[in-house]
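Numbering (the UniProt record's numbering), first residue to last: 1 to 270. Report on one structure; see the data block that follows.
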Amino acid sequence: MENFYDLIKYIFLGLFQGITEPIPVSSSGHLEIAEHFFKLKIEGMSFALLMNSASLFAVLLIYRADIIRLIVNGIAYLKSKDPEAKSDFMFIIYLIVGTIPAGVIGVLFGDFIEEQLADIKTVGITLIVTGLALWLIRNMRGRKNDGDLSFKDAIIVGLAQAVALIPGISRSGATIVAAMSLGMKQETALRYSFLLYIPVSFGGMVLGFSDLLNDERIGELALPYIFAFIASLIASYFSLKWFMNIMARGNLKYFAIYCFIVGPLVLIFS
1 MENFYDLIKY IFLGLFQGIT EPIPVSSSGH LEIAEHFFKL KIEGMSFALL
51 MNSASLFAVL LIYRADIIRL IVNGIAYLKS KDPEAKSDFM FIIYLIVGTI
101 PAGVIGVLFG DFIEEQLADI KTVGITLIVT GLALWLIRNM RGRKNDGDLS
151 FKDAIIVGLA QAVALIPGIS RSGATIVAAM SLGMKQETAL RYSFLLYIPV
201 SFGGMVLGFS DLLNDERIGE LALPYIFAFI ASLIASYFSL KWFMNIMARG
251 NLKYFAIYCF IVGPLVLIFS
């Protein structure tokens, strides 16, 4: 019976993480909420790694055409300096630059953030902060396309992604808020945000691989982990597709309202 309970628990957590990862409400914050209010203690150090990997595969699947185009044109520009490929080559450079802040801060302060800031009160406060940021940019309509980005844009959005290491600060929300504040079109902001997620998530997966190998309960939790991974992959895929439609219609205010409701409730009842 206990094994069945573990299976259901991890499937639920996989779905929960998958649904909340792409949308601007903080998946890490919501996992903290699930653990606190539903008493769903996560056993094993590698669960977060696997769930983030599942979301990464969903992002790769949805943006596969963009990724292939960037790789092909990036190589073409390196070989022949084809002017038509320069925009995609520079987009790759901006993705690299935008990845650096979160990578550096994660390595230097990751343990501090996990030990000192990963608590339910922090999540309540940061959800409200996320809501305020989303509310402020809810009506913005930028003009910058992929080819109009700059090093300044990449650094600022990268710093926003680094801030999202704090539980309750949505990664997608922070990067999209920063991107739209810099004048990017909604489609460009969304694409840059999720392509920026790929190197950060992949880097975390590589760095955390030792946790997976050294997890003492990996044999016992293998089946629940597999089902949770599949649940998170499917949920992430459809959640991101849904969020792309929401962005196209400019309805970010609903996520802000959600954060304004959940944040105070977390603070009141925690």
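Every residue gets a Cβ at the ideal spot worked out from N, C-alpha and C, and that includes glycine.
Sequence-distant partners of GLU32 (beyond 5 residues in either direction) whose C-beta falls short of 7 Å from its own C-beta, in its chain, are ALA118, ILE120, VAL123 and PRO167.
Across the structure, GLU114 and LEU165 are spaced so that their CA atoms are roughly 9 Å apart.
In terms of CA proximity to SER232, GLU21 leads the group PHE4, GLU21 and TYR5.
DSSP places ASP153 in the uninterrupted alpha helix (DSSP H) bounded by 151 to 163.
In the structure shown, MET140 falls within a coil segment according to DSSP collapsed to helix, strand and coil. Annotation: the region 220 to 268 contains no complete segment of the beta strand (DSSP E) (minimum length 3 residues). Residues LEU49 of the same chain have their beta carbon placed closer than 6 Å to that of GLY208, with the five preceding and five following residues left out of the count. GLY98 is positioned such that its CB atom lies no closer than 8 Å to that of GLN186. Straight across, the Cα-Cα distance linking ILE8 with LEU40 is about 11 Å.
Assignment of alpha helix (DSSP H) within the region 86 to 135, counting only whole runs of 4 or more residues, yields 86 to 112 in chain order. Taking C-alpha positions only, ALA174 is separated from THR130 by approximately 7 Å. Residue burial is scored here from C-beta neighbours: ARG64 has fewer than 16 other C-beta atoms within 10 angstroms and is therefore classed as exposed. Contact annotation: ILE23 and SER172 have beta-carbon atoms nearer than 8 Å.
Partner residues in the beta bridge of MET184, as assigned by DSSP, are LYS144. Secondary structure at GLU32: helix, using DSSP grouped into helix, strand and coil.
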